[in-house]
Structure formats: C-alpha cells, structure tokens
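Undergrad: In our numbering, the protein residues as written are 570 to 1037.
Every residue, glycine too, gets a C-beta built ideally from N, C-alpha and C.
I have a structure I would like to understand better, so I am pasting it below and will then ask my questions one at a time.
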Amino acid sequence: MKLKYVGIIFSILLSFVPILFSFYGYVPPSVAGMFSIFLIAAGLWIFEIIPGHATSILIIFSEIILFSNPGKWEFLKEYSGPGKPTTPSVFLASLADSAVILFLGSFALAKACVKVGVDRWLANRVLPYFGTSPKYVLLGLMCITATISLWMSNTATASLMIALVFPLLMVLDKDEKFRKAVLIGIPFAANLGGIGTPIGSPPNVIAFANLKNQGYGEYISFGTWMLVAVPLLIILLFAAWFWLLRTFPASEGLSLSLRYETISEEGAEKRLRFVLFGFLATVFLWLTESFHGIPAGVVALIPLLLFTAFGILETNDLRSLEWDVLILVAGGIALGTGIEKSGAGIWFGELIGNQAGPGESLWVLGIFFSVGLFLSTFLSNTATANLLVPLALPVANLLLPGNESYTIQLVLGSALGASLAMSLPVSTPPNAVAYAVGGFEIKDMAGVGVKIGILGLVLVLFGFLIFK
570 MKLKYVGIIF SILLSFVPIL FSFYGYVPPS VAGMFSIFLI AAGLWIFEII
620 PGHATSILII FSEIILFSNP GKWEFLKEYS GPGKPTTPSV FLASLADSAV
670 ILFLGSFALA KACVKVGVDR WLANRVLPYF GTSPKYVLLG LMCITATISL
720 WMSNTATASL MIALVFPLLM VLDKDEKFRK AVLIGIPFAA NLGGIGTPIG
770 SPPNVIAFAN LKNQGYGEYI SFGTWMLVAV PLLIILLFAA WFWLLRTFPA
820 SEGLSLSLRY ETISEEGAEK RLRFVLFGFL ATVFLWLTES FHGIPAGVVA
870 LIPLLLFTAF GILETNDLRS LEWDVLILVA GGIALGTGIE KSGAGIWFGE
920 LIGNQAGPGE SLWVLGIFFS VGLFLSTFLS NTATANLLVP LALPVANLLL
970 PGNESYTIQL VLGSALGASL AMSLPVSTPP NAVAYAVGGF EIKDMAGVGV
1020 KIGILGLVLV LFGFLIFK
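In structure tokens:
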C-alpha cells in the first residue's frame, strides 16, 4: 500500500516536469501537455495504482480535454497543438479502431474454438506424429501451443494447454527434471506464438494499429507481418526447446503417450466442423488482404457474425470476452494519436535524431528493443508497448526519412522487445499461470528466458542488417 502512495506522488510530480519546461520556453505547450499525459500514464501503469484499462480511459479523457478543449476554456487554448483544436471524435475513435475490432474478432474466434473443443481435436491429430519419446512429445506440445497462440490470447492458450497436460504432470514423478521442461515450455511457446500474427498479443495489435494509422498500411498487412514474424518465432521456439532439454533432460527410458477425449454432446461434431470452417475462412481472408482489399478489422467481424448468429457463442460468452484488454490496447492507440496531433512526435523525433543521426539507426533499434525487453520483464507487455511504440514512429521518421522499412522495423522491434521478455513469472501472464501450478523455481524459468530474449535481440538486429 505504501508503494502505491509513493507511486501516486511520483507520477504526479513527474507529470509536472514537462509543464515546468514549457513555462521556461524549452518545450512548446502542446508538447509539454502530451508528455505530461504520457508520464502520468507511465507511472500509473508501472506502479499499477489503478487498473490498466482505467489508465487508458484517463489518457483518452485527458487528450480530449487538453487538445479538443470542448469547454473552450481560455487557459487551455495554448495546448491545442499545431493548427485548430482536434475534435474529440479523433481520440474516441481509438476505442473502435480497426485493430481493436481485429482483436475483438480474434477473441470471439478463440472463445468458439475452445467451446467446441478444437484444442483437443488438434492435439489428438498432431501429437501422435511426435511419438512417445519425451523430447519429441515436448516439441509437439510446444508446437501446438505456439500454433494456438497465433490466433488466441497467450494467457488463454497457456491455461488451456496446462490443463491438457495436467494428467501427464500427475503421472510424472515430482523429482523428474523433465516435468520442469513441460511446465516452462508451454508458457514460453505461448509467448513466442504470440509474436507470429498481428492478433497474437496486445503489443502486436498496438504496433499494427499505429503503423496503419500513420499511413503504413500499404507496407504492412496481416500476411506481411507473418512473413517477418513466423521465421523468428520458429527459430526461437526450437532454441527454447533445445535449451529446455539441455537444462531439464528426461530420465533414461521414460516413455509418454497423450490422448484426449473430445466433446461428445449431441451435435458436437457439426459445431466443431462449423467453427473450423469459420476459422479457416477468416484466416484465409486475413492472409489474402492484399488481393481482395478487405481490411483485417472488417474480416474480423465474420467470426463474430457467424458464431453469434448460429448460436455457437451466446450472450454469456460475449460478456466473458476480455473487454479490459481491448480498452488497454485502445489507450496505446490513443497515445499514438495524441503524440501525432500535439506535435510531440516531431519534437521527440528531432531530439533523438539530432543526438543519434542516421548512421546510428541500428543502435537506436537495439536500444528500443532492449528497453522494451527490460521494462516488460517487470511491467505488463501491453503497457510497455503502449509507451514505446508511439515514440518509435517519430524517431524512425526523423532518423531515416522516407525509409518505410526502417520505420516498420523500429516499431516491430519495440513490440517484439515487449513480447519476448519471459524470464520471470511476472513478465507475462502465461508465465504466471505456469508458476502458479508449482514444480519449478524462478531461476529455472529465468535461465532459459534470458537466453531467448538475448537471441531475439540478435536476430532482430541481424534482420535489420539484411533487409535495411
């Protein structure tokens, strides 16, 4: 409780610093106002003084008051930013941004898949191909987890898969080292699977939305995201599998076999096929956006329409969707909008650009990734992405003007840094879910998690050198 009070005081004092700089003429008033909002949001997210989604609502409300000035108050006129005051609808639009709808559609898709037992169906058809050897069973479990995590919440995926392997955990002796490999491998695979698609995790959605809103839609689509992220995911997944086996090897002669009962209710098979059809049709349209031109956010309405109209998802299912996460993501989009409309983006970009220069663009990419990795180790990855992604855009534009490739790389690097922090139980919800089961220590998770983060940094920088 004392830490919370310290956090409140620290956040308020920190938010007054830009205003003080503005008073002495070092920073334009609109820029100072935006950075005050940014810093108070950072403090609230870091110290978790109020729920994360409440902080997002505060961001939107503050931007409307400061930059739209709906009451036409004289003392706020200087904060309106370049040009005329921005209309409130510009900031409110973040709540219905196409990326938020895209995430909503993915939640509906995931909820329907779990309800009809797609997870069990997939496990029964994939796991037999990996045999009974522990190392290949682990690989199979991690591959299934990563595949599911491409399309649904990392947290839900980890919870689902740990529930599926619970019978296996009960059979394995408590002194069996391989038990730790299974318990840590599943959340790691869920975390890594989340980087593979724009809907895989909130940081991805925040990066995707900010790039689209800043005019990079023609350079980044659902399919192009996967072309970049899936190879990275595959390399990191196999590296994690290798390190887990080296750290927690199975006992000699251990043999494993997993088989799951499918849902046997009347009409279950028809519902399963219907959901699979809706899932495959949605994914196909997402991947072929460049051919048919229908935005991914609009396509995401298809599973919502199909599954609610045909009774797969009922009213209680819709109520249980993660609306708080959608609002949290909207806060990150609103921060990006505010940084653009207030002129704070140009100011910050010039500040960094003058210090670094175009020749140091690789180092800037490394710094953004590393900061994201460090902050997200202790802080929500969504909050971390909310803070870094809106700042990455103007920095990239000032360092290498007109270089769309670098802008996308810096934004993706910031989001990936936030997503690849998985060395502690508090780093990601999947880690926390696995740690709650028990059976391993924090150092067991940290030993492999740190290696994954460092390898991710090396691969991202290597990718920059190849595709710059």
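For lysine 910 and isoleucine 1021, what's the separation of their Cα atoms in angstroms?
TA: Translated into the one-based positions of the sequence shown, residue 910 becomes position 341. Translated into the one-based positions of the sequence shown, residue 1021 becomes position 452. Between lysine 910 and isoleucine 1021, the C-alpha separation is close to 37 Å.
Undergrad: Within the chosen definition, does the segment 944-961 reach the segment 980-989 through at least 3 CB pairs nearer than 8 Å?
TA: Output reads yes: the segment 980-989 touches the segment 944-961.
Undergrad: For a minimum of 4 consecutive residues, which ranges assigned as the alpha helix (DSSP H) are wholly contained in the segment 931-987?
TA: Those alpha helix (DSSP H) runs which fall completely within the segment 931-987 and span 4+ residues are 950-968.
Undergrad: Leaving out the 5 sequence neighbours to the left and right, which residues in its chain are closer than 6 Å to proline 772 when beta-carbon positions are compared?
TA: Residue 772 sits at position 203 when you count from the first residue of the sequence shown. Counting only Cβ-Cβ distances below 6 Å, and skipping sequence neighbours, we find Asn950, Ala954, Ala984, Ala987, Ser988.
Undergrad: Flag this pair as yes or no: are the beta carbons of lysine 704 and leucine 814 separated by less than 7 Å?
TA: Taking the sequence shown and counting its residues from 1, the one referred to as residue 704 is at position 135. Taking the sequence shown and counting its residues from 1, the one referred to as residue 814 is at position 245. Against a cut-off of 7 Å, the Cβ pair of leucine 814 and lysine 704 comes out as a contact.
Undergrad: Given a cut-off of 7 Å on the beta-carbon distance, is the pair isoleucine 902 and serine 658 in contact?
TA: As a working note, residue 902 is residue 333 in the sequence shown. As a working note, residue 658 is residue 89 in the sequence shown. No, they are not a contact pair.
Undergrad: Between the alpha carbons of glycine 640 and threonine 655, how many angstroms are there, rounded?
TA: As a position in the sequence shown, residue 640 is number 71, starting the count at 1. As a position in the sequence shown, residue 655 is number 86, starting the count at 1. Cα to Cα, glycine 640 sits roughly 13 Å from threonine 655.
Undergrad: Less than 7 Å between the beta carbons of alanine 1038 and leucine 806, yes or no?
TA: The displayed coordinates of the chain run from 570 to 1037. Any statement about residue 1038 would go beyond what the structure contains.
Undergrad: Roughly how many angstroms lie between the CA atoms of glycine 674 and proline 872, to the nearest whole one?
TA: Looking up residue 674 in the sequence shown gives position 105. Looking up residue 872 in the sequence shown gives position 303. One C-alpha to the other measures close to 6 Å.
Undergrad: Express the C-alpha separation of isoleucine 789 and alanine 610 in angstroms, rounding to a whole number.
TA: Start at 1 with the first residue of the sequence shown, and residue 610 comes out as number 41. Start at 1 with the first residue of the sequence shown, and residue 789 comes out as number 220. So the two alpha carbons sit approximately 28 Å from each other.
Undergrad: Just verifying my parser: in three-state terms, what is the DSSP assignment at tyrosine 595?
TA: For this step, residue 595 is matched to residue 26 along the sequence shown. Note: tyrosine 595 maps to coil in three-state DSSP.
Undergrad: Does the beta-carbon of threonine 726 have 16 or more other beta-carbons within 10 angstroms, so that it is buried, or is it exposed?
TA: Residue mapping note: residue 726 aligns to position 157 of the sequence shown, counting from 1. Classification of threonine 726: buried, given that the 10 Å Cβ count is 16 or more.
Undergrad: Tell me whether the beta-carbon of phenylalanine 777 lies closer than 7 Å to the beta-carbon of alanine 668.
TA: Translated into positions along the sequence shown, residue 777 becomes position 208. Translated into positions along the sequence shown, residue 668 becomes position 99. A contact, by the Cβ cut-off of 7 Å.
Undergrad: For proline 800, is the classification buried or exposed, using 16 other Cβ atoms within 10 angstroms of its Cβ as the cut-off for buried?
TA: Within the sequence shown, the letter at position 231 stands for residue 800. Exposed, because fewer than 16 other Cβ atoms sit within 10 Å of the Cβ of proline 800.
Undergrad: Are the Cβ atoms of valine 995 and valine 980 separated by less than 7 Å?
TA: Your numbering for residue 995 matches position 426 in the sequence shown. Your numbering for residue 980 matches position 411 in the sequence shown. No, the Cβ-Cβ distance between valine 995 and valine 980 is not below 7 Å.
Undergrad: Taking all protein chains shown into account, do 16 or more other C-beta atoms lie within 10 angstroms of the C-beta of methionine 739, making it buried, or fewer, making it exposed?
TA: For the purposes of this step, residue 739 is identified with residue 170 of the sequence shown, where counting begins at 1. It counts as exposed.
Undergrad: Per DSSP, what kind of secondary structure is methionine 991 in: helix, strand or coil?
TA: Mapped onto the sequence shown, residue 991 falls at position 422. Coil.
Undergrad: Can you tell me whether alanine 732 is buried or exposed, with buried defined as 16 or more other CB within 10 angstroms of its CB?
TA: In the sequence shown, residue 732 corresponds to position 163, counting from 1. Exposed.
Undergrad: Identify whether proline 818 lies in helix, strand or coil by the three-state DSSP scheme.
TA: Position 249 of the sequence shown holds residue 818. Looking at proline 818 - three-state DSSP - the assignment turns out to be coil, as it is neither helix nor strand.
Undergrad: Would you decide whether histidine 622 is buried or exposed? Buried here means 16 or more other CB atoms lie within 10 Å of its CB.
TA: Position 53 of the sequence shown holds residue 622. Histidine 622 should be labelled buried.
Undergrad: Am I right that alanine 1003 and isoleucine 753 are in contact with their C-beta atoms under 8 Å? What's the rounded C-beta distance?
TA: Residue numbering aside, residue 1003 sits at position 434 when the sequence shown is read from its first letter. Residue numbering aside, residue 753 sits at position 184 when the sequence shown is read from its first letter. The Cβ separation is near 7 Å, so the contact holds.
Undergrad: Can you look up tyrosine 788 in the DSSP assignment and give me helix, strand or coil?
TA: Position 219 of the sequence shown, counted from the start, is the residue given in the question as residue 788. DSSP places tyrosine 788 in coil when its eight states are reduced to three.
Undergrad: Determine the contact status of isoleucine 881 and alanine 679, defining contact as a CB-CB distance below 7 Å.
TA: Working through the sequence shown from its first residue, we reach residue 881 at position 312. Working through the sequence shown from its first residue, we reach residue 679 at position 110. Cβ distance not < 7 Å, so isoleucine 881 and alanine 679 don't count as in contact.
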